[in-house]
Amino acid sequence: MSVTDKIQNYYEAKVADELQRVAKPMGFNEEQLADLACLALNHLPPRYFRHEVDIAFYMSVHELEDIRQRVEAAVKNAIDYISKHSPQS
Numbered sequence: 027m028s029v030t031d032k033i034q035n036y037y038e039a040k041v042a043d044e045l046q047r048v049a050k051p052m053g054f055n056e057e058q059l060a061d062l063a064c065l066a067l068n069h070l071p072p073r074y075f076r077h078e079v080d081i082a083f084y085m086s087v088h089e090l091e092d093i094r095q096r097v098e099a100a101v102k103n104a105i106d107y108i109s110k111h112s113p114q115s
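What follows is the structure, given as structure tokens:
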């Protein structure tokens, strides 16, 4: 087992959840959702952890709200970008 199997980026699950909430109902397929995730994650700072309970325990309500807003904005911007630059446009 490598080190990368023991760590995660906190934003990955948040972006995936936001994509399921917002982009999936818009008709984006799984390949497009993966592209959207990459675009969104590239505009968010990395935040790595080993155990999710540790990171959630040490974050303030303000910090959690800031993360939620950052994720929403990054996903919205990714959707806008893909919508403007897709071959179907």
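What the sequence shown shows, in the numbering used here, is residues 27 to 115, in sequence order.
Ideal Cβ positions, reconstructed from N, Cα and C, are used throughout, including at glycine.
- Distance check between Ile33 and each of Phe54, Arg73 and Glu89 places Arg73 closest, using alpha-carbon atoms only.
- DSSP lists Phe75 as the bridge partner or partners of Gln34.
- When DSSP states are grouped into helix, strand and coil, Met85 belongs to the coil group.
- Between the segment 74-88 and the segment 46-56, the count of Cβ pairs shorter than 8 Å is below three; the stretches do not touch.
- When DSSP states are grouped into helix, strand and coil, Met52 belongs to the helix group.
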